[in-house]
Every structure is written in structure tokens, then in C-alpha cells.
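Here the structure is laid out as C-alpha cells; the discussion comes afterwards.
Protein chains: 2
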Amino acid sequence: MTPDEFRRAGHELIDFIADYLDTAPPEPGGPQNERSVATRPVQPTVESGDVRAALPEHPPTAPEPWEDVMADVERIIVPGITNWQHPGWFAYFPANISYPSVLGELLSAGLGVQGMSWVTSPACTEVETLMLDWMQELLGLPAAFHSTSESGGGVIQGSASEATLVAILSARHRATGGAVNADGATTKLVAYATSQSHSSIEKGLRIAGIGTDRIRTIAHDENFAMRPDALRQTIDADLAAGLTPFFANSNHGSTSSMAFDPSPEIGAICRDHDIWFHVDSAMAGIAALVPEFRWVNDGIQLADSYCTNPHKWMGVNFDCTTYWTTDRASLLGALSILPEYLRSAAAESGEVIDYRDWQIPLGRRFRALKLWFTIRMDGVDSFQERIRRDVALTQDLALRAASDDRFSVVAPHPLNLVCLALTGGDEATDELIERANASGTALFTRTVLDGRSVLRVSIGSHTTRAQHVDAAWELITRDV
Amino acid sequence: MTPDEFRRAGHELIDFIADYLDTAPPEPGGPQNERSVATRPVQPTVESGDVRAALPEHPPTAPEPWEDVMADVERIIVPGITNWQHPGWFAYFPANISYPSVLGELLSAGLGVQGMSWVTSPACTEVETLMLDWMQELLGLPAAFHSTSESGGGVIQGSASEATLVAILSARHRATGGAVNADGATTKLVAYATSQSHSSIEKGLRIAGIGTDRIRTIAHDENFAMRPDALRQTIDADLAAGLTPFFANSNHGSTSSMAFDPSPEIGAICRDHDIWFHVDSAMAGIAALVPEFRWVNDGIQLADSYCTNPHKWMGVNFDCTTYWTTDRASLLGALSILPEYLRSAAAESGEVIDYRDWQIPLGRRFRALKLWFTIRMDGVDSFQERIRRDVALTQDLALRAASDDRFSVVAPHPLNLVCLALTGGDEATDELIERANASGTALFTRTVLDGRSVLRVSIGSHTTRAQHVDAAWELITRDV
Chain D
40 MTPDEFRRAG
50 HELIDFIADY
60 LDTAPPEPGG
70 PQNERSVATR
80 PVQPTVESGD
90 VRAALPEHPP
100 TAPEPWEDVM
110 ADVERIIVPG
120 ITNWQHPGWF
130 AYFPANISYP
140 SVLGELLSAG
150 LGVQGMSWVT
160 SPACTEVETL
170 MLDWMQELLG
180 LPAAFHSTSE
190 SGGGVIQGSA
200 SEATLVAILS
210 ARHRATGGAV
220 NADGATTKLV
230 AYATSQSHSS
240 IEKGLRIAGI
250 GTDRIRTIAH
260 DENFAMRPDA
270 LRQTIDADLA
280 AGLTPFFANS
290 NHGSTSSMAF
300 DPSPEIGAIC
310 RDHDIWFHVD
320 SAMAGIAALV
330 PEFRWVNDGI
340 QLADSYCTNP
350 HKWMGVNFDC
360 TTYWTTDRAS
370 LLGALSILPE
380 YLRSAAAESG
390 EVIDYRDWQI
400 PLGRRFRALK
410 LWFTIRMDGV
420 DSFQERIRRD
430 VALTQDLALR
440 AASDDRFSVV
450 APHPLNLVCL
460 ALTGGDEATD
470 ELIERANASG
480 TALFTRTVLD
490 GRSVLRVSIG
500 SHTTRAQHVD
510 AAWELITRDV
Chain G
40 MTPDEFRRAG
50 HELIDFIADY
60 LDTAPPEPGG
70 PQNERSVATR
80 PVQPTVESGD
90 VRAALPEHPP
100 TAPEPWEDVM
110 ADVERIIVPG
120 ITNWQHPGWF
130 AYFPANISYP
140 SVLGELLSAG
150 LGVQGMSWVT
160 SPACTEVETL
170 MLDWMQELLG
180 LPAAFHSTSE
190 SGGGVIQGSA
200 SEATLVAILS
210 ARHRATGGAV
220 NADGATTKLV
230 AYATSQSHSS
240 IEKGLRIAGI
250 GTDRIRTIAH
260 DENFAMRPDA
270 LRQTIDADLA
280 AGLTPFFANS
290 NHGSTSSMAF
300 DPSPEIGAIC
310 RDHDIWFHVD
320 SAMAGIAALV
330 PEFRWVNDGI
340 QLADSYCTNP
350 HKWMGVNFDC
360 TTYWTTDRAS
370 LLGALSILPE
380 YLRSAAAESG
390 EVIDYRDWQI
400 PLGRRFRALK
410 LWFTIRMDGV
420 DSFQERIRRD
430 VALTQDLALR
440 AASDDRFSVV
450 APHPLNLVCL
460 ALTGGDEATD
470 ELIERANASG
480 TALFTRTVLD
490 GRSVLRVSIG
500 SHTTRAQHVD
510 AAWELITRDV
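Chains D and G, in that order, are what the protein sequence lines are. Following the working numbering from start to finish, the first sequence increments by one per residue and tops out at 519. Following the working numbering from start to finish, the second sequence increments by one per residue and tops out at 519.
Structure, rendered in C-alpha cells:
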């Protein structure tokens, strides 16, 4: 592909994306532009194997023109994707992207640099550190997370799963005084979390050699929040058995029901026993951009590590998880390895950050660009407006459900997620979810809370407005 | 940012990238376009802290226009990056990008879908599976890696480090019969690799709870290749000590010197002892796109897992590591966790692949697009031409060095890397590297081979031509 072919194709693709993400009709009240995500079903109608069958089984032997590739994108790829940017997106979690963020990802791709060490691309490291400091300020996080603090700092991880794993590895290193790097002994280490914790907690622990025999599922209360008394009792029993409590996870906004564990109490217990205290606020933490929602971070002053995802509610393209720790030394102890071919005077001076030692992989993209672009060009006011709107729409929906005796609201709904069940029982709820999702106009996720089937309504797509929530309610309540 | 602002900014950014990556002067023999990477120093001249100091310490309170952001990109970011796409790039490894690949990354960003499960975006999974099958065919890999094979298959990982970790976790699961998921016991497991293995081997093992006490550094021969006799002896000693050999790594093109371990022999030993046999060909494996270089994969018929990086020599933007295993069951056993909110009929039918269970994180981008775009639009011929050219340039440089008595060629150089030392000793070599890198016209990496300081010359940037290698040789030989 020549530079001029790239220019032409690139301009076309930019226009395609502009249209795809634009859900406002060109003329107020008129029809949508036909490439808009809003004109498509949320969930594609393809069956397993359909997409592959539409493509050649074998690679081409000669280069093909852009036109053919783009035609396949429109004919095969777009009808085969689930439209996470759809205004009827109430499933899983919001995975918002934004125009500035797409530009940031494009620039990162076009520069093609590696940020594994400061010296391999200084701007990649320094903009990232600055962005973590900006986010610390915007979210009102503890000063101990700032890059200029004595022992803390932040980094962009690819996902909350990786942030969790890094936290667990830091905890494992500290609890063993670093011995784990030589002896690999992990079988006495015990971790604590509720059943409402994200699957990445168990996955990360398993990867780190902490099996289910050493993962304690701490009882939760009627709000799906951890019971501190149960935590304390379990720790005491483990200590009495000669085990080593080393890691506790606190959910600030759990995946299934947006439950908040009581971090002030959990953190205090962890301090008493030198247990690494991790706060997982992957989805909800971004709400702290809004002053009246800063309570989502209550108790994180006690945390050894914390993560939240600009790639969910803030509109920065996946992958962009912001992770902070107050114990940089344990992180570096867990993950640093310095072969000859990565040595540099800059690294050895201790004056620079080499982010490869803050993460699982070695290589890394210039992900800070998309965060920088989004904060600068969309601006904080736009994030606040979105979050306030989503929460208001959710509260409104919860009110409607609460006053409709066909429905139960089965968990607290302090932010942008409401969990509903039909009073008619699980089977009716499951059928409702299936029927609603088959409509193509909205998509919901099913979960189970304390054994009960639940319809989760997550409101947070950047294109969702009141009329889409109204339509979703109409869809949910039709024929039940 | 409005759709129209995005269009305008996007077109400008596309043009900027077209110019940045274009190293051919607009008029033959005329001056470069001034935005070309070729007009810049390879290594930026910034000191630690310079980039950050040029940016505001605090986030803006109101949105800023695209013009201001782009001005900062040109004024602060570009002069602060190391130019991995420079024609004078002889450092680390080639990290080639290509125009089609940038477009693929852009489309992935613009669609904003999540490919964690088939159902969360069917096309994301199915195109990926097809791309792994295309690559299996293009590289001439074993049929047991194909998605239609009985027990194998492939996946895109973010990096070779993650591929290695996934291999180790699969091996750990198989060696313990899955017991590790419950008991976390890893202290009897022993892993084998040479000192020439990439740092990600030790890092991955450490993460998985295999400490340095259980990592055997197997002796290498004068070509920096593993000695199978030493491997066999070490395994025997470990078995006699009641330990469990579980994982061996074979380098096909090591990072420091492009050494090839003898996989036919290593693989046979691993088969004898049911040791997971992983082949790490992160850089060199792509050479198998060229028929006469298919030998780079000799012995991988015996491998349980294998990885190579399209994001190095093939021109697909980082991150794109292709990873295959012949033992899908161990991989899924190691990494599957299925919470209620991720259940789907499609997944439970067993008819679809849920790639979240093939990797460390949960979330995943639509990375297959950039591989698909690059194969279709640049084409296999272009990859073969680049690889043949790079190898020829490297052989030519090695000949020049071999016939110059100031230099020693200190390792075999079968592909695109040549390792040089000054006969004058380590201090002279170190000074030479420092002086050459300070020139700004080329960048090299220093390594150490069997205690000796070495100048690595890695030839593989997509913009490097004979005149750049000539200039590099002139630079290296000046004043020595």
C-alpha cells in the first residue's frame, strides 16, 4: 500500500467511523444516516461459523485493493459484530469509546513506538506518568498514589484483570519477603474476597499459584457487600491454622449488582494483619469524576492498590485501565528482571520509570495518548454530564420497576446499574431476557444473585438517552 | 468533539501518519518531506523529565481544540519518541508497522467491540481463528496447530511474554493433573532453558510460582544453542531428586544473538519425560514465510506450544503475537473460569471459541483486523521481499566485518542479526556503541555474550535499504 493509497483509504475509514458512531440524524427528526450503529441490531443475527464461511479459507496470493477489503468490512464484519456502542446497549458494562480516543489510538498505531523502557521512547513513559497524575487529581485519589509520592505511583494496564494480577503478585512478594522469586512457595498464602468479586480475582490468584483451597469466599450481607465480621473470623481461623493471610479484594461496584464492600472496615482489618488491600473499582471508580459521587472511593486511603477503567464509563478506547499502588517496591520486586539487552544508563540512574517492570508483558503501546486526547478534547465536563445523566436515567428506571408489582428490584442501585427479577420466578425472568435480547433493539445481561435469576440493566453507553431507556422499559414490560 | 470535527482531525492525522512513515523523497533525489521519520534523529535528545515539563501539570478544565493538541504532538511528542520506524533502526528488534495495519487498528478502535467471548462479537472471534489458520498455512506450521485439528488451535496474544506465560500455565496444569487450580502447589515443578532465553521465560515462570531455585539454566555450545546432553543429564538429576520436570523452552532465534536451540533433540527428550515443550520464535519465526527459511521451524512438530510475532518482522502493529498449542485442553483447564454473567448458550454448546479462556486478561480488542488487512493489502510477496532483502543486507555486513581485522563476528548470523565485537576489547566496543548511538543517524543495542560486550546489528526496519546499512558500517568503522 502506497502513502497515497493510505491517505485515500484512511480518509474513507475516518468517515466510516464518524458515521458509525454518530447516532443523531443528519436532519433533526429525519432518518438516521444508514451507516450509524443506531440503525443496526444490537446483537448480530449470525450463527456460529457464518462469518468465517463468508471469507476465503486460504490467504490471497496477491495484494487486494482497499475497495475490496472495505466492501467485506461492510458486508461481513459489521453485520457480524455485537454493537457495544449502540444506544440500546444495556449489557455487561459500558465500553464507551470517543472520537478523541479513536484519534489517540490511531496516532499510537502510526508512530509505532515501544514504551517498555523510558529509553525506548521517553515521551511514551512521561506522558503516561502525567496522565496517571492527572487522573489521580480528577478522581480525588489519595496523594500516596501520585508519582511524586514517596513510595507509590500509577501505570496504565491493559485490563482490570492484569491490574488485579499485578496486585496479587505484589502482595505475594511482600508477604514472602521476596522469597517467592526463588522458592515459588505459595501454598500457605490465603486470599479473601466475596462471591460477588469479578472472575479475574480467582483467575489472577490461580495464575499466581493460589488455588481455590486458599481462596476464602467471605459472606456478604443482604446488599451483596462483604461482612467485615466474617472477614475477621476467617482470618483468625487461618492464622490459627498456621496459614498466611496475604491479599484481600474489596469491590467498589461489583460486576453483577454494583455492590460496594465496606472498605474502611476491611482496610483496617488488613492493616492489622499486614494483608495487601486491593480495591477493584473497574467500572464504578470513574464516577468519582463527579464530586457528588466521590463516595465510591470511601476507604481507599487504606488501599495498597486500586484500579478503575477509563475504557468503561469514561469513553477511552479499550485497553486503558488505570492502576495505582502505594507500594512500588513490592511491585518492582515482583516483576523486575533486567537482561543485558535492556540495560541503560537512564534506568540505572533510577531517575526514570521503566514501565515494563510494572506489568505482565514486556512490550507496550503508547496508550497514554488516547487518555490525553480524550481529557483534552472532550473534557471533564462532558464526562460529568454523561455520568450524571446515566445515573439519573437509572434511578428513574428503578423507580418505575419498584412501583410495578410484576418486578422486584433485587439489589441497591446507587449508580448506573439496576438488577430486576420478575416476581413470577426465575423461569419467567430467563424468558424475558431471551425475548428482549432477541428483539435486536436492546441487549441485557443475565446474572444470578443469591441463586435468583436477574436481568441486569446497565445504563452507560455514550449514545443512550431517555428515549432509549423508555423503549427498553417498554420492551421489558411488554407481554409480561 | 463532534462528528465533523472528528472527520477533519482524522483526515489531518491520517496525512500526518502517511508523511511520518514515508521515507521516499517526494521527488527522486530531492529533499525528504520534513515530517518523515527519516529526517529525525533515531534517538531523541531529551533528558529525563523534559517531556513532562513541557506539558501542563494539571488537567484542563475546558475542552481544547484539535489544533492545539496536534501542535503539541508535533512540538513535544514526536521529538520525545524513539523512532522505531527509522531507516537507521538497528536496535532491539524490528517493530515494523504498515499502512494496512494502521488502518486495521483504526477500525478496531472505531468499532469498539469486545471479543472476550464469541457471543460478545462473533466476527471478532471468527476472523481471529481464520487468521491463525491462514498464518499456520503461510508459515508451513504443523497441521496439529490448525483450528480444525483434534486438540489444537491458535490465538492472538498481546505479546510473546503473554504467550510464554500461557504456555507455562498450560504446562503447570498438565503436569499437576489440574491439581494446581485447587492446591497451588508448584515447588516440585522444574523448568529448563538456556541463559540465552528471553527474560519473559523467567518472568513467566516467576509469575506462575516457579522460582529461580527450580529454573535450570542448561549449558549452551559455542553457537549459544542448548546442549541436549546437558538437558538430559539435568532432567535425570531432577528426577532422581524427586522433582517434576514440566516445561522446557527452545529458542528459535534468541534475542541476544539469534541462536537456534536444537528442537528435534530437545523435543524428543521432552516427549520421553512428558515435559511441555515450548518453542519461542518471537522474532525469527516469521522468516518461515519464505520457503528457503522454513528451517527456522525445524523440530516444532514436537512442540506443545509455539509463538511468533507478526508485530516484529511482518509489519503488523504491536500488539499481535500468534500463539498455537496442540493441547487446547490443558490451556482451557488452566485458564477457564465461567461466572454467571459470562454464560451463554453459544459457549455452552461447545460450538464456539471463547478466547477469554485462552489468555490472561478477560477483555480483548479486535486485533485480527490488522493481520487481515496486512495480509490482504500488502500481500505475502511483500513480506518475502522484505525478509530476503534484510537477510541479504545482514550477510553482506557480516562479510565486511569478517574481513576487517578490527572486528570479530562473535555468533552465527543465519538471518537478520549480526553480533560484532572490537578485537580491541570490551571497553572499546562499549565506547563504539555509545559513540554510534549518539550520532542520531542509527541506533544499536549492546548485549553481552559469554561475558563479552557485543554490538548487535539487527536489520529489519521496513524503511532500511542498502544505503542505510552502508552508512551504518561507515559510522561503526569511523575512528576505531
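All C-beta atoms, glycine included, are put in the ideal place defined by N, C-alpha and C. This structure is a prediction, so every number in the text was calculated from the model and none was measured.
Interface annotation, residue 499 (chain G): not in contact with chain D, CB-CB separation never under 8 Å. DSSP lists D:286 as the beta-bridge partner residues of residue 315 (chain D). Residue 100 (chain D) reaches chain G at 418, 419 and 420, counting residues in chain order whose Cβ is nearer than 9 Å.
Here the alpha carbons of residue 474 (chain G) and residue 518 (chain G) stand approximately 10 Å from one another. In the three-state reduction of the DSSP assignment, residue 403 (chain G) falls in the coil class. Scanning chain D for C-beta atoms nearer than 7 Å to the C-beta of residue 73 (chain G) yields nothing, as the closest lies near 15 Å away.
In the displayed model, residue 170 (chain G) falls within a helix according to three-state DSSP. Of all C-beta pairs linking the region 374 to 381 of chain D to the region 116 to 136 of chain D, fewer than three are shorter than 8 Å, placing the two stretches out of contact.
Pairing residue 184 (chain G) with residue 347 (chain G) gives a Cβ-Cβ distance that is not under 8 Å. 53, 54, 55, 56, 57, 58, 59, 60, 61 and 63: these are the residues of the region 53 to 65 of chain G whose beta carbon lies less than 9 Å from some beta carbon of chain D, given in chain order. Per DSSP, reduced to three states, the secondary structure at residue 239 (chain G) is helical. Restricting attention to G:332, G:249, G:68 and G:48, the CA atom closest to the CA of residue 425 (chain G) is found in G:332. Excluding five sequence positions before and after residue 283 (chain D), the CB atoms of its chain that fall closer than 7 Å to its own CB belong to 214, 227, 228 and 229, given in chain order. For residue 163 (chain G), the nearest CB of chain D lies under 8 Å from its own CB, placing it at the interface with that chain. Sequence-distant partners of residue 491 (chain G) (beyond 5 residues in either direction) whose C-beta falls short of 7 Å from its own C-beta, in its chain, are 449, 460 and 465. Here residue 160 (chain D) has 152, 153, 154 and 405 as same chain residues with Cβ atoms under 8 Å from its own Cβ, once five neighbours each way along the sequence are excluded.
Here residue 248 (chain D) carries a coil assignment [DSSP, helix/strand/coil]. Within a 10 Å sphere around the beta-carbon of residue 411 (chain G) sit 16 or more other beta-carbons, which makes this residue buried. Here residue 334 (chain D) is exposed, its C-beta having fewer than 16 other C-beta atoms within 10 Å. Per DSSP, residue 91 (chain D) is one residue of the alpha helix (DSSP H) stretching across 89 to 92.
Identification of residues in the region 312 to 332 of chain D having a C-beta nearer than 8 Å to some C-beta of chain G yields an empty set. Non-local C-beta neighbours of residue 447 (chain D) in its own chain, meaning closer than 6 Å and more than five positions away in sequence, comprise 460 and 462, ordered along the chain. Only residues of its own chain outside the window of five on either side were considered, and among them 133, 325 and 499 have a CB closer than 6 Å to the CB of residue 352 (chain D), listed in chain order. Taking a cut-off of 8 Å on C-beta distances, the region 273 to 281 of chain D does not touch the region 292 to 307 of chain D, as fewer than three cross pairs fall below it. Contact annotation for residue 404 (chain D) against chain G: 357 and 358 [CB-CB distance below 7 Å, chain order]. Taking a C-beta distance under 8 Å as the contact criterion, residue 146 (chain D) and residue 169 (chain G) do not qualify as a contact pair. Against chain D, a Cβ distance below 9 Å from residue 50 (chain G) picks out 46, 49, 50, 53 and 54.
Nearest to residue 64 (chain D) by alpha-carbon distance, out of D:77, D:135 and D:202, is D:77.
Of all residues in the region 165 to 196 of chain D, only 165, 166, 168, 169, 172, 173, 176 and 177 come within less than 8 Å of chain G when Cβ atoms are compared, listed by chain position. Residues of chain G whose Cβ lies closer than 7 Å to the Cβ of residue 250 (chain D) are, in chain order, 219, 220, 221, 222 and 223.
In the DSSP assignment, residue 497 (chain D) falls within the beta strand (DSSP E) that extends over 491 to 497. Along the length of the region 347 to 384 of chain D, whole alpha helix (DSSP H) runs at least 4 residues long occupy 367 to 374, reported in chain order. A residue is called buried when at least 16 other Cβ atoms come within 10 angstroms of its Cβ; residue 66 (chain G) does not meet this threshold and is exposed.
Contact of residue 247 (chain G) with chain D is assigned, a C-beta pair being separated by under 8 Å. Assignment of residue 196 (chain D) by DSSP, reduced to helix, strand and coil, places it in the strand class. Residue 344 (chain G) sits in a strand when the DSSP states are folded into three classes.
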